[in-house]
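Engineer: First residue of the sequence shown: 33, per the working numbering; consecutive thereafter. The beta carbon of each residue, even a glycine, is placed where N, CA and C say it ideally should be. These numbers come from a predicted model, not from an experiment.
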Amino acid sequence: MGAGAFVEPLVVLTLLFGGTWVNRNTRYRLFDRHRSHASSSSSYSSASSSSDSTPRCSSSLLDGNRVSSPSLSAEQEPYWRKREIRILGWRKEVSSPNTKRFEGSFLSRLLRKFPFLVEVWYWSLIYWVYQLGRALTAITLVESTVDVARTHALQIIHLEQHLHIFFELPIQHWFLKHPLLMHWTNRIYSFIHIPGTILFLVCLYYYTTPPLPSPTLPLPLSPKTKNLQTARTSGPDLYSARRRTMAVCNLLAFIIFTLWPCMPPRLLSDPTVPTAIGNEARSYGFVDTVHGKPGESSIWTQNKFCNQYAAMPSLHFGYSLLIGLTIMTIPIASKRRRSTTTAFSSPARRARRWRRWLLPRLACLVVGAAYPVLILGVIVATANHFLLDALVGAVVCGVAWVGNGVLLNLLVVEDWVFWGVGVCVPERGLEGEVRDVFGYGGGGGIVGFLYDGLERWEEVGEVGFGGLWTD
Numbered sequence: 033m034g035a036g037a038f039v040e041p042l043v044v045l046t047l048l049f050g051g052t053w054v055n056r057n058t059r060y061r062l063f064d065r066h067r068s069h070a071s072s073s074s075s076y077s078s079a080s081s082s083s084d085s086t087p088r089c090s091s092s093l094l095d096g097n098r099v100s101s102p103s104l105s106a107e108q109e110p111y112w113r114k115r116e117i118r119i120l121g122w123r124k125e126v127s128s129p130n131t132k133r134f135e136g137s138f139l140s141r142l143l144r145k146f147p148f149l150v151e152v153w154y155w156s157l158i159y160w161v162y163q164l165g166r167a168l169t170a171i172t173l174v175e176s177t178v179d180v181a182r183t184h185a186l187q188i189i190h191l192e193q194h195l196h197i198f199f200e201l202p203i204q205h206w207f208l209k210h211p212l213l214m215h216w217t218n219r220i221y222s223f224i225h226i227p228g229t230i231l232f233l234v235c236l237y238y239y240t241t242p243p244l245p246s247p248t249l250p251l252p253l254s255p256k257t258k259n260l261q262t263a264r265t266s267g268p269d270l271y272s273a274r275r276r277t278m279a280v281c282n283l284l285a286f287i288i289f290t291l292w293p294c295m296p297p298r299l300l301s302d303p304t305v306p307t308a309i310g311n312e313a314r315s316y317g318f319v320d321t322v323h324g325k326p327g328e329s330s331i332w333t334q335n336k337f338c339n340q341y342a343a344m345p346s347l348h349f350g351y352s353l354l355i356g357l358t359i360m361t362i363p364i365a366s367k368r369r370r371s372t373t374t375a376f377s378s379p380a381r382r383a384r385r386w387r388r389w390l391l392p393r394l395a396c397l398v399v400g401a402a403y404p405v406l407i408l409g410v411i412v413a414t415a416n417h418f419l420l421d422a423l424v425g426a427v428v429c430g431v432a433w434v435g436n437g438v439l440l441n442l443l444v445v446e447d448w449v450f451w452g453v454g455v456c457v458p459e460r461g462l463e464g465e466v467r468d469v470f471g472y473g474g475g476g477g478i479v480g481f482l483y484d485g486l487e488r489w490e491e492v493g494e495v496g497f498g499g500l501w502t503d
């Protein structure tokens, strides 16, 4: 491992703190408390005249959509706020502390200046809770669990053979014939997953989340379109939905590999297993290309706290699919804001707009499709996952994508936590909550990508395809 034990954590820390700096609020002065507060109040008063209430801060990491009056000072804020618990069709309104009363504290002002620090904390919470869960299962493993994991891996092979999709061996054999390609494939597996995910979050936050305060919405809204506008995912709500999706992915994956441990293909070639099952497992001849002597192992995948029998589902592929779909469907905005006066622009101008939109959209489609395909090839070529592991990872991603709003029920707990430490978290979302047919926030995606385009046609008289460009 060598220098990797130092370099890999350093890369992660650099990305996190670099993201904090890039996403800082340049309009806010941390140590000029009274002037910053006055400027903020003035901006939000202006914003409230052109749109609905635009909250300054909230105790919400999970979602940025809260009701709060911009005209109240911290001392005038009520002690309690209302939250709604939703579980399928059941709803209940509860009270929780209103942390806006703490917006003048140093920590609250620090988070207002560097709002991405909230994301650093939240990502760390998601990642380390998941890793601690994996570590607990790893250190409590018994030999019988290993045998069960091996049996499950063989069952997957038998099922893939029955379905005629057992392609893992020919894929790995092809890569092994190309040592240089295999070398870089090992590197991609070991060093892209975590840094790549963090970089995606940093860039998505920068692209979707405007600096605080945000004085206006991208487009004027008619009463007819206001509900649909709040459900659009072209702003902070998009980021919040993807962040929650990752958290739900981790939760579902932990449940699956705890209840159904599965050995990765690379461990089936263990020469110390004497039984008939061991002979069958070795007969396939899978090679551990990452953790062998010429491999490129990572500290994140090779330590005593890493559960080696959590191949099902593949979060490498699940995360890559989430990232790819987000890139493919992300709204593309032009440099100028569009106004309703452009609704009847000339055909030539419409054609120029179309061309300006088309190239970035094609680039997003290519990159978004290529990334999960690349990761799928990598996890199979390195014998870390079966194809069915990736398929289940995709299903987990889809379920989390649709049902991530279930985490909004934890907002009450979050309010109490931030009230306990006296912190008010800056508000960056639009008012309203995105709820899908299950009652949870799906966060848009393909359906929103297509459906919202019809709304833009009706709103400004031009094809918008999900808010993919704005002038």
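Going by DSSP, what residues sit across from Ile117 in a beta bridge?
Structural biologist: DSSP lists Lys124 as partners of Ile117.
Engineer: Which residue wins for smallest C-alpha separation from Phe450, given the options Asn130, Gly121 and Leu213?
Structural biologist: Residue Asn130 is the option with its Cα nearest to Phe450.
Engineer: Sorted by chain position, which residues of the same chain lie with C-beta nearer than 7 Å to Val428's C-beta, five sequence neighbours on each side aside?
Structural biologist: Cβ within range, chain order: Cys281, Leu284, Ala285, Pro345 and Gly350.
Engineer: Is the segment 298-310 close to the segment 169-183, with three or more CB pairs under 8 Å?
Structural biologist: The segment 298-310 vs the segment 169-183: in contact.
Engineer: Less than 7 Å between the beta carbons of Gly51 and Phe148, yes or no?
Structural biologist: Yes; because the gap between Cβ atoms is below 7 Å, this pair is in contact.
Engineer: Which runs of the alpha helix (DSSP H) fall wholly inside the segment 271-320 and span at least 4 residues, in chain order?
Structural biologist: DSSP runs (the alpha helix (DSSP H)) wholly in the segment 271-320: 308-315.
Engineer: Which residues mark the beginning and the end of the alpha helix (DSSP H) in which His190 is found?
Structural biologist: Run containing His190: Glu175 to Leu195, per the alpha helix (DSSP H) assignment.
Engineer: Please go through the same chain and pick out, in chain order, the residues whose beta-carbon is closer than 6 Å to the beta-carbon of Ser137, but skip the five residues on each side of it.
Structural biologist: Counting only Cβ-Cβ distances below 6 Å, and skipping sequence neighbours, we find Gly454.
Engineer: Decide yes or no for the touch test of the segment 405-420 against the segment 208-225: beta carbon pairs closer than 8 Å, at least 3 of them.
Structural biologist: Yes, the segment 405-420 touches the segment 208-225.
Engineer: According to DSSP, is Ala167 helix, strand or coil?
Structural biologist: Helix, per DSSP.
Engineer: Leaving out five residues before and five after Tyr239 in sequence, what residues of the same chain have Cβ atoms less than 8 Å from its Cβ?
Structural biologist: Correct list, in chain order: Ile362.
Engineer: Starting from Pro129, follow its DSSP beta bridges and name the residues at the other end.
Structural biologist: According to DSSP, which records beta bridges pairwise, Pro129 is partnered with Trp112.
Engineer: Between which two residues does the alpha helix (DSSP H) harbouring Ser140 extend?
Structural biologist: Taken as a continuous stretch (DSSP letters only), the alpha helix (DSSP H) holding Ser140 covers Phe138 to Lys145.
Engineer: Would you say the segment 434-450 touches the segment 116-125, given that touching needs at least three Cβ pairs under 8 Å?
Structural biologist: Contact between the segment 434-450 and the segment 116-125 is present, because at least three Cβ pairs lie under 8 Å.
Engineer: Just curious, the alpha helix (DSSP H) that Arg59 is in, first and last residue?
Structural biologist: Counting along the chain, Arg59 falls outside any alpha helix (DSSP H), and DSSP gives it neither H nor E.
Engineer: For Val150 versus Val457, is the C-beta spacing smaller than 7 Å?
Structural biologist: Yes, the Cβ-Cβ distance between Val150 and Val457 is below 7 Å.
Engineer: Report the three-state DSSP secondary structure of Ala422 (helix, strand or coil).
Structural biologist: It is helical.
Engineer: Apart from the five residues just before and just after Arg314, which ones in its own chain have a Cβ nearer than 8 Å to its Cβ?
Structural biologist: Around Arg314: Leu300, Ser301, Asp302, Pro303 and Val305.
Engineer: In the DSSP assignment, find the unbroken alpha helix (DSSP H) run with Tyr341 in it and report its ends.
Structural biologist: It is not in any alpha helix (DSSP H) - Tyr341 carries neither H nor E in the DSSP assignment.
Engineer: Is it right to say Val234 is buried, meaning 16 or more other beta carbons lie within 10 angstroms of its own, or is it exposed?
Structural biologist: With 16 or more other Cβ atoms within 10 Å, it is buried.
Engineer: With C-beta atoms as the reference, is Leu419 less than 7 Å away from Ile197?
Structural biologist: Yes, they are a contact pair.
Engineer: Can you give me the C-alpha to C-alpha distance between Gln187 and Ile287, rounded to a whole angstrom?
Structural biologist: Cα to Cα, the separation comes out at about 19 Å.
Engineer: Determine, using beta carbons only, whether Ala170 and Asn339 come nearer to each other than 7 Å.
Structural biologist: Their beta carbons are under 7 Å apart, which means Ala170 touches Asn339 by this criterion.
Engineer: Using only alpha-carbon positions, find the residue among Ile230, Gly356 and Leu212 that is nearest to Pro41.
Structural biologist: The option with the nearest alpha carbon to Pro41 is Ile230.
Engineer: Alpha carbon to alpha carbon, how far is Ile158 from Pro379?
Structural biologist: Whole-angstrom Cα-Cα distance: 49 Å.
Engineer: Give the straight-line distance between the Cα atoms of Phe232 and Ile355, rounded to the nearest whole angstrom.
Structural biologist: Near 7 Å, if we compare the C-alpha coordinates of Ile355 and Phe232.
Engineer: Alpha carbon to alpha carbon, how far is Ser176 from Gly228? Give it in angstroms, no decimals.
Structural biologist: Near 35 Å, if we compare the C-alpha coordinates of Ser176 and Gly228.
Engineer: Mind checking whether Met360 and Leu397 have CB atoms under 7 Å apart?
Structural biologist: It is a contact, given that the beta carbons lie within the stated cut-off.
Engineer: Determine the burial state of Val479: buried for a count of at least 16 other Cβ atoms within 10 Å of its Cβ, exposed for fewer.
Structural biologist: For Val479, the predicted structure reports a pLDDT of 37, less than 50, and the residue's modelled location is therefore unreliable. A value from the coordinates is still provided. That one is exposed.
Engineer: Answer with buried or exposed for Arg123, where buried requires no fewer than 16 other C-beta atoms within 10 angstroms of its C-beta.
Structural biologist: Exposed.
Engineer: Secondary structure at Pro458, three-state DSSP: helix, strand or coil?
Structural biologist: Looking at Pro458 - three-state DSSP - the assignment turns out to be strand.
Engineer: Leaving out five residues on either side along the sequence, give the residues of the same chain with a beta carbon under 7 Å from the beta carbon of Leu47.
Structural biologist: The residues are Pro227, Ile230, Leu231 and Val234.
Engineer: Give the straight-line distance between the Cα atoms of Phe146 and Asn55, rounded to the nearest whole angstrom.
Structural biologist: Distance between the alpha carbons of Phe146 and Asn55 is about 7 Å.
Engineer: Just mark Ala402 as buried or exposed, buried being the case when its beta carbon has 16 or more other beta carbons within 10 Å.
Structural biologist: Exposed, since its Cβ has fewer than 16 Cβ neighbours within 10 Å.
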